[in-house]
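*Asks:* All residue numbers for the sequence shown refer to the working numbering, where the first residue is 13 and numbers rise by one.
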Amino acid sequence: MRFGVLGVLSVWTDDGRPVRIPELKVRTLLAELLIHDDGPVPADKLADDLWPDRLPADPAASLQVRVSQLRRALEAAEPGGRALVAHQPPGYLLRAASVDSRRFLDLTADARATPAPRTRAELLSDALALWRGPALADFADAPFAQAAIAGLESARLAALEDQAEVRLALGEHAALTTELAALLDRHPLRERLWAAYLLALYRSGRQGDALDHYRRMRALFAAELGVDPGPPLAELHAAMLSQDPSLRVATETRTNLPAPVAGLVGRERMVADTRELLGRSRLVTLHGVGGVGKTRLALAVCAPAPAAADEVWMIELAGAAPGAAPEEVAELVAATLGVRDDASAGTAADRVADSLRGRRALLVLDNCEHVVEAAAELADLLLSRAPQLTILTTTREPLGLAGETVVSVPPLDGPSAVELFTTRAGLRLTPADAEPLQAVCARLDGIPLALELAATRARTMPVHELAARLDDRFRLLGAGRRGGPARQQTLRATIDWSWHLLGPLEQAVLRRLAVHADGCAPDAAGHVCAGGEVRAEDVPDLLGRLVGRSLVVLSGGRYRLLESVAAYCAERLAEAGESDEVRLRHARWHVELAERAAPRLHGHDQRAWLKILDAESADIRAALETLVGLGEADLAHRLVGAVAWYWYLRGRLGEARRAVAAALSLAPSREGMVAVWRAALELFAGSAVVEQPESVSADGEWLLAFAQWGFGDQDVVGRRLGRALTVFREAGDAWGEAAVLMCRARSGFSGDMAAQRRDAERAHALFRAAGDRWGQLKSTEILGTLAEVVGDYDLAARLHRDALGAAEELGLWTELSFRLSALGRIAMLKGDLAEAGRLHERAGRLADEQANQAAMEFAQVGLGLVARRQGHYDLAEERLRPWAEWWRRLGGTDGLAFVLAERGFAAEQRGNLPAARDLHLEGLAVAVRTGDARAVALAFEGLAGVHALEGDLPRAAELLGAAAAARESAGAPLPAGERADVDRISAAAALDDSFTASYARGHTSPRAEVAERELGLG
13 MRFGVLGVLS VWTDDGRPVR IPELKVRTLL AELLIHDDGP VPADKLADDL
63 WPDRLPADPA ASLQVRVSQL RRALEAAEPG GRALVAHQPP GYLLRAASVD
113 SRRFLDLTAD ARATPAPRTR AELLSDALAL WRGPALADFA DAPFAQAAIA
163 GLESARLAAL EDQAEVRLAL GEHAALTTEL AALLDRHPLR ERLWAAYLLA
213 LYRSGRQGDA LDHYRRMRAL FAAELGVDPG PPLAELHAAM LSQDPSLRVA
263 TETRTNLPAP VAGLVGRERM VADTRELLGR SRLVTLHGVG GVGKTRLALA
313 VCAPAPAAAD EVWMIELAGA APGAAPEEVA ELVAATLGVR DDASAGTAAD
363 RVADSLRGRR ALLVLDNCEH VVEAAAELAD LLLSRAPQLT ILTTTREPLG
413 LAGETVVSVP PLDGPSAVEL FTTRAGLRLT PADAEPLQAV CARLDGIPLA
463 LELAATRART MPVHELAARL DDRFRLLGAG RRGGPARQQT LRATIDWSWH
513 LLGPLEQAVL RRLAVHADGC APDAAGHVCA GGEVRAEDVP DLLGRLVGRS
563 LVVLSGGRYR LLESVAAYCA ERLAEAGESD EVRLRHARWH VELAERAAPR
613 LHGHDQRAWL KILDAESADI RAALETLVGL GEADLAHRLV GAVAWYWYLR
663 GRLGEARRAV AAALSLAPSR EGMVAVWRAA LELFAGSAVV EQPESVSADG
713 EWLLAFAQWG FGDQDVVGRR LGRALTVFRE AGDAWGEAAV LMCRARSGFS
763 GDMAAQRRDA ERAHALFRAA GDRWGQLKST EILGTLAEVV GDYDLAARLH
813 RDALGAAEEL GLWTELSFRL SALGRIAMLK GDLAEAGRLH ERAGRLADEQ
863 ANQAAMEFAQ VGLGLVARRQ GHYDLAEERL RPWAEWWRRL GGTDGLAFVL
913 AERGFAAEQR GNLPAARDLH LEGLAVAVRT GDARAVALAF EGLAGVHALE
963 GDLPRAAELL GAAAAARESA GAPLPAGERA DVDRISAAAA LDDSFTASYA
1013 RGHTSPRAEV AERELGLG
């Protein structure tokens, strides 16, 4: 079904029959949906626009009636029409495949991207023919349509101006004078219309009229706008006064350029930029890898011919023998230009130079790479002897001449690659094809030749299967295509052409580069590519030559191969019998790199080395795969042991676990840091049972304690920290001491808060002296939490924001999630529940991306706290329940006690006293086991709420007094932001006359006795 807004609102079936849309409100609904065809229109906006003066009593129901009427009208006209009007929150949308306004905009965009004037004129004519009158003519006064009408009318005017300019280029100036005069009567302040009109008058022999109309226009602009005409009009006026020859209609260019069979995709900006360069530089080189589309780009640049050229000639050099002499290349040029072979007139180069002297010519020397020296010598001669000559070359290696402007032709970007593929395949792709299609385009590096070969296969093979078979790309894309030179008929032939132009040393370096998974730094290239006939000191020069020949890309300081080139070189590496040797050299290099990096991840260079390892991540994985495949157990253990801390910092725990398992599969062991890392990673991942390593070093003791914080036997954690601290201090290991103190401060919230603060401050000072930003971040986190406990929310927020900045700077996304949740807690305690929710949601998204359960728990529990404080008790229970089970599975203590207390308060507040009692009693039992006075106090306060609602006000008061005493013993009285539950329960308990005495009795009673009584043990 087709829809029209370029005139009166209209609808037609696919076969052209008009569709009647009854009743003004239904037509208004349809117009609104068509105006917003990029997405759903909110229901309340639709209602406001349908009933602008007064809404009906039930707007939603009335709107639904109109929607039903529209659906019935569309269904009656064509089966399936009902489905075009779809409900999608927050309102409705129209799934219209064909709208004349969309077609109009597409045609005008195509016209602007088309270099050929005749084609551009035809496209603009087709676009403007779609207009049947003023846009949305039957809604001209409707407020909701004004912006759309104005936008469409503006686009129509711009298209009319485009059409006038292209018709001028085609010599239709006489007919334009009358048409443009009428347009200017309606739009007298449009500068482009005036420019086209004045030029049409001038070219029609009416120079006097043109100058007179310019004076009238200038007076009009001064009166209406208070400005002079813009620079383009002023320049046109000056050109008319001087009768500049450039104002004449261009004569037809002499050329041998072939007409393009298919349009150019994704190069519009590059075409315009290169044409502009040809106006400033006499030698321009289009440089890029084979198959990237240099020749097609050159054709688009030269058609139509640039203003400085009266003739354009393309000389195809692919037929010349590799290394041909300049005279042989000159003979090819002479043959194309029709220069007679007269030996008496000198060499072929001389005859061509003499022929071109005085001619405004553009030569396109296509495919220069195999004769680059001869092409450079000839170009230098011709440019020096023919002053009006311009040369455009296409090559995989620049000519290297003075004055040469080199334009690098890159692969297509993602959207352009997809557009080229779908255009060439000629298929209607489904949404299910989107992901595999993007994968195909990415894996073929956006190279147009490869994409076109793949598009040919897509006509007989589903896109997802095509993507799956790209590992065997040379067979898959080897069937070839008809037409074009042999070197461009298959992907292999294209790369073969470049390979055979290389010397043996260049071939050796190129094939060895293929072992790198994601490019390499210069030092890595020198180490891996040297060997045999290739000396290490020669590698930089050889790499430079390969970059110049477009086979290697230098990007961000790293040498990279396009994926297809890498696949080709891997085959060549195997053919040379070097695969295992070079891959092992690559792996050894990365083991040594990782071992250099490991200590630096704890110091001042931490950020720089994180970035280095980021860049090497894919190659580290490839190195480990090589070592496992070759059975190199010692090297595999060294690599994993050195990189594991980097993986932890980056939150890549799954990758670390897989790597450790792979290394241990070669040589299982319960000793050493790899075994320690296996246990620690299992603990980080939430495993309740892990295989404990043996003969653990101080580093291992600390790591295992750090990984087991908050669950399991915390006495074991304390003993590990104690042993590690002794060793670190004896060895003078400041970083190790800081790490233990940080853990001790973090693990000691049930103890002396002053001691915790001292540990955290000392750890922070040691980390700062060492330059470890991660350690400073963790110790700042603890200090922030301690400030929160005592109610200093401003200090806590400042400390957490400082840590947030450090986490962002280092790219520690898991830590960033924790810090966002911490700031969310502060916002909640300060009463800003909306901000607290936003911060926790953002933290949860980051935790999910990092697959970190601990960070997810912190964020989700925070959302549960916010929900309860907003009065959404069922939602709070839904958020909190899964994490109680998680803590139980881990054997967690403090975390479990807290979640149980929050669930208990939510149950109490929604009136479910049995559930509240059970949850608070379980929480009390857990808190008693930990000895955490604050956790015990929280459970007492929860049980006080249960007793208060049951009517046992004296017992509630006793528990409140016992809770206050427990908090005082920990040095952490309840701050203002956390008093809401206690104040609510206290208000209920205070209704009893004995409240003061009962509270005092609880305050002085031994905490253990109060707990035993509640638990039924005493």
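Here a beta-carbon is modelled for each residue, glycine too, at the ideal position from N, C-alpha and C. Since the model is a prediction, treat every value here as computed from it, not as a measurement.
Only counting the same chain, and skipping five residues up and downstream in sequence, which positions put a Cβ closer than 7 Å to that of residue 93?
*Replies:* The residues are 13, 86 and 87.
*Asks:* Whose C-alpha, out of 168, 167 and 192, is nearest the C-alpha of residue 179?
*Replies:* Nearest of 168, 167 and 192 to residue 179, Cα basis: 192.
*Asks:* For residue 629, which three-state DSSP category applies?
*Replies:* Looking at residue 629 - three-state DSSP - the assignment turns out to be helix.
*Asks:* Less than 6 Å between C-beta atoms, sequence neighbours within five positions excluded: which residues of the same chain meet that for residue 801?
*Replies:* Hits under 6 Å: 984.
*Asks:* Taking the alpha carbon of residue 503 as the reference point, which residue from 516, 513, 487 and 514 has its own alpha carbon closest?
*Replies:* Per the Cα distances, 487.
*Asks:* Is the Cβ-Cβ distance between residue 313 and residue 283 less than 7 Å?
*Replies:* Their beta carbons are under 7 Å apart, which means residue 313 touches residue 283 by this criterion.
*Asks:* Taking all protein chains shown into account, do 16 or more other C-beta atoms lie within 10 angstroms of the C-beta of residue 653, making it buried, or fewer, making it exposed?
*Replies:* Classification of residue 653: buried, given that the 10 Å Cβ count is 16 or more.
*Asks:* Three Cβ pairs or more, each shorter than 8 Å: is that satisfied between the stretch 702-716 and the stretch 732-741?
*Replies:* Touching, per the Cβ criterion.
*Asks:* Which two residues bound the contiguous beta strand (DSSP E) that contains residue 16?
*Replies:* From DSSP, the beta strand (DSSP E) with residue 16 extends over 14-16.
*Asks:* One question on the structure: do residue 367 and residue 341 come within less than 7 Å of each other, judged by their Cβ atoms?
*Replies:* Their beta carbons are not under 7 Å apart, which means residue 367 does not touch residue 341 by this criterion.
*Asks:* Give me, in chain order, the residues of the same chain whose beta-carbon lies closer than 6 Å to that of residue 16; leave out the 5 immediate sequence neighbours on both sides.
*Replies:* Once the five neighbours on either side are set aside, the close Cβ partners of residue 16 are 22 and 112.
*Asks:* Determine the extent of the beta strand (DSSP E) in which residue 100 is found, giving its start and end residues.
*Replies:* Segment 97-100, the beta strand (DSSP E) holding residue 100.
*Asks:* What is the residue span of the alpha helix (DSSP H) that residue 190 lies within?
*Replies:* Residue 190 -> alpha helix (DSSP H) spans 185-198.
*Asks:* Does the beta-carbon distance from residue 883 to residue 916 come in below 7 Å?
*Replies:* Result no, Cβ atoms of residue 883 and residue 916 do not sit closer than 7 Å.
*Asks:* Below 8 Å, can you find three or more Cβ-Cβ pairs linking the stretch 841-851 to the stretch 815-823?
*Replies:* These segments do not touch.
*Asks:* Just the Cα atoms here: how many angstroms apart are residue 287 and residue 293?
*Replies:* Roughly 10 Å between the two C-alpha positions.
*Asks:* By the DSSP assignment, the alpha helix (DSSP H) with residue 468 in it spans what residues?
*Replies:* Start and end: 460-470.
*Asks:* To the nearest angstrom, how far is the alpha carbon of residue 551 from that of residue 650?
*Replies:* Looking at the two C-alpha atoms, the distance is approximately 28 Å.
*Asks:* Once DSSP output is grouped into helix, strand and coil, what is the label at residue 418?
*Replies:* Looking at residue 418 - three-state DSSP - the assignment turns out to be strand.
*Asks:* Can you say whether residue 602 is buried or exposed, counting buried as having 16 or more other CB atoms within 10 angstroms of its CB?
*Replies:* With 16 or more other Cβ atoms within 10 Å, it is buried.
*Asks:* Assuming the contact rule is C-beta atoms closer than 8 Å, residue 529 and residue 633 should be a hit. Round their C-beta distance to whole Å, please.
*Replies:* Right, their Cβ atoms sit about 7 Å apart.
*Asks:* Which parts of the stretch 102-172 are runs of the beta strand (DSSP E), unbroken and 3 residues or longer, counting only runs that do not cross its ends?
*Replies:* The qualifying runs are 103-106.
*Asks:* Would you mind working out which of 889, 244, 317 and 646 sits nearest residue 267, comparing C-alpha positions?
*Replies:* Ranking 889, 244, 317 and 646 by Cα distance to residue 267 puts 317 first.
*Asks:* Quick one: give me the first and last residue of the beta strand (DSSP E) that residue 327 is part of.
*Replies:* Counting along the chain, the beta strand (DSSP E) containing residue 327 begins and ends at 323-328.
*Asks:* Count the other CB atoms within 10 Å of the CB of residue 770; is the residue buried (16 or more) or exposed (fewer)?
*Replies:* With fewer than 16 other Cβ atoms within 10 Å, it is exposed.
*Asks:* How about the stretch 295-305 and the stretch 414-422: do they share at least three Cβ pairs that are nearer than 8 Å?
*Replies:* Output reads yes: the stretch 414-422 touches the stretch 295-305.
*Asks:* Among the residues of its own chain, which have a CB less than 8 Å from the CB of residue 507, if the five just before and after it don't count?
*Replies:* Here the set comprises 302, 576, 577 and 580.
*Asks:* For residue 681 and residue 687, what's the separation of their Cα atoms in angstroms?
*Replies:* Between residue 681 and residue 687, the C-alpha separation is close to 6 Å.
*Asks:* What whole-angstrom Cβ distance do residue 1004 and residue 965 have, given they're in contact under 8 Å?
*Replies:* So it is a contact: roughly 4 Å between Cβ atoms.
*Asks:* Bridge partners of residue 532, per DSSP?
*Replies:* According to DSSP, which records beta bridges pairwise, residue 532 is partnered with 571.
*Asks:* Can you list, in chain order, the residues of its chain with a C-beta nearer than 6 Å to that of residue 656? Leave out the 5 residues immediately preceding and following it.
*Replies:* Counting only Cβ-Cβ distances below 6 Å, and skipping sequence neighbours, we find 668 and 689.
*Asks:* Would residue 831 and residue 794 qualify as a contact pair, given that the criterion is a beta-carbon distance under 7 Å?
*Replies:* For residue 831 and residue 794, no; Cβs fall outside 7 Å.
*Asks:* Identify whether residue 405 lies in helix, strand or coil by the three-state DSSP scheme.
*Replies:* If DSSP states are grouped into helix, strand and coil, residue 405 belongs with the strands.
*Asks:* Measuring straight from C-alpha to C-alpha, what distance separates residue 743 and residue 892?
*Replies:* Taking the straight line joining both Cα atoms gives about 45 Å.
*Asks:* Classify residue 43 as buried or exposed, calling it buried when 16 or more other Cβ atoms lie within 10 Å of its own Cβ.
*Replies:* Classification of residue 43: buried, given that the 10 Å Cβ count is 16 or more.
*Asks:* Hey, could you find the ends of the beta strand (DSSP E) residue 296 is sitting in?
*Replies:* Where residue 296 is concerned, the enclosing beta strand (DSSP E) stretches over 295-299.
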